[in-house]
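Data block below; observations after.
Protein chains: 2
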Amino acid sequence: MGPPRIVPIEDTPGVAPMRDAATRDYVFNHTMLRVKDPLASLDFYTRVLGFRLVRRSDHPEAGFTLYFLAMVGDAADIPEGDDACREWLARQSGVLELTHNHGTETEPGPVYHDGNREPRGFGHICISVPDVRLACVRLEGMGVPFQKRLQDGSMRSIAFAKDPDGYWIELLQPTPLD
Amino acid sequence: MGPPRIVPIEDTPGVAPMRDAATRDYVFNHTMLRVKDPLASLDFYTRVLGFRLVRRSDHPEAGFTLYFLAMVGDAADIPEGDDACREWLARQSGVLELTHNHGTETEPGPVYHDGNREPRGFGHICISVPDVRLACVRLEGMGVPFQKRLQDGSMRSIAFAKDPDGYWIELLQPTPLD
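Note that the protein sequences, when read in sequence, are chains A and B.
Here full-length UniProt numbering is used: position 100 in the first sequence is 100, and no number is missing along the way.
Here full-length UniProt numbering is used: position 105 in the second sequence is 105, and no number is missing along the way.
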């Protein structure tokens, strides 16, 4: 595959010429993924990827629990108390919501669909890291499976790891690889 | 449905006790969704939701284009030049990547799976807004379809709009509704 063609974004049909003032304080807050086993997923997202569990919301009568995770630079920024925490969280960008429907953790085999086989839709989430080679070595050393290692295929600057449900996690670094 | 039960997050099994220093500069950068028709999706995400198209990457020989959108407070923050823009974008959180596989826009009917019917997996993305009632009125006035209006069901503080592919867009506000 050759290098991508760079097209000026101004030439892109459909794009609004300016941001509607009504959207000024809109925030892309979170992405929600269903997970089979919160024990496995919380371990993966906190220990392996560095997310912090900021809030959980249990709905036992409806049979589900929501886990809200974010990459928090300083935990002291998170206010105490559930209402204050909820408000703080809703103002953040880059939050990951994991939904656990109680009981799935005891089902045999995979429970959820990663979106990359038919029927397709959602593709992946992406974590940018300072050094993608180092991050891949670290994750491989932790036993994380990969959909695509850096050296696989034609796009040598990105990798795709897989979370415990098989969701794809793109890894890239902001700067070009040497 | 009753109010959720608040469980201290410290009691949650699986959560790592502290953030591994190796993950300190990891950033939850983006979420990728495939879209049938970029004209419809770019209109929706820029005009209706206030995202800005920051970068596009065309791969004509492979038959796809990637559109990277973010809610940018000040467009002057985005550096010029594709390499600098790409690096800046990779350091952001809350980026939305839309993948257009060329040709889908002429297929009849929906092309992609929203993840909320079987086989389930991905659930939704969420935009937090200063005033969720006002945002719902605005979106309804623009003809955006809803999966769940504020008044539907038991969770009266959130709504789910639908994007042109039928992906669910949760809308909520940080503060409690009066």
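Even for Gly, the Cβ is constructed at its ideal location relative to N, Cα and C.
The beta carbon of residue 174/A sits closer than 7 Å to those of 128, all from its chain and outside the five residues before and after it, given in chain order. At a cut-off of 8 Å between C-beta atoms, residue 144/B does not count as an interface residue with respect to chain A. Contact between residue 177/A and residue 123/B does not hold, since their C-beta atoms are separated by about 34 Å, which reaches or exceeds 8 Å. A straight-line Cα-Cα distance of about 43 Å links residue 10/A and residue 57/A. Secondary structure of residue 165/B (DSSP, three-state): coil. Taking a C-beta cut-off of 7 Å against chain B, the contacting residues of the region 116-134 of chain A are 119, 120, 121, 122, 123, 124, 125, 126, 127, 128, 129, 130, listed in chain order.
By the neighbour-count criterion, in which 16 or more other beta carbons inside 10 Å mark a residue as buried, residue 92/B falls on the buried side.
In the DSSP annotation of this structure, residue 135/A is not part of any beta strand (DSSP E); the continuous alpha helix (DSSP H) holding it starts and ends at 132-141.
Contact holds between the region 99-108 of chain B and the region 29-47 of chain B, because three or more Cβ pairs, one in each stretch, are under 8 Å apart.
A contact is defined here as three or more CB-CB pairs under 8 Å, and the region 125-143 of chain A fails this definition with respect to the region 99-119 of chain B. Three or more Cβ pairs drawn from the region 149-169 of chain A and the region 34-51 of chain A lie within less than 8 Å of each other, which places the two stretches in contact. Rounded to whole angstroms, residue 79/A and residue 145/B show a C-alpha spacing of 35 Å. Residue 150/B carries a coil assignment under DSSP once its states are collapsed to helix, strand and coil.
The closest CA to that of residue 69/A, considering only 94/A, 61/A, 135/A, is found on 94/A. Around the CB of residue 106/B, fewer than 16 other CB atoms lie within 10 Å, so the residue is classed as exposed. Looking at the DSSP output, residue 35/B shares a beta bridge with no other residue. Residue 58/B: member of the beta strand (DSSP E) spanning 52-59, first to last residue. In this structure, DSSP gives residue 87/A a helical state, which the three-state scheme calls helix. If you compare the alpha carbons of 50/B, 66/B, 62/B, 25/B with that of residue 19/A, the shortest gap goes to 50/B. Residue state for residue 46/A is assigned as helix, using DSSP reduced to three classes.
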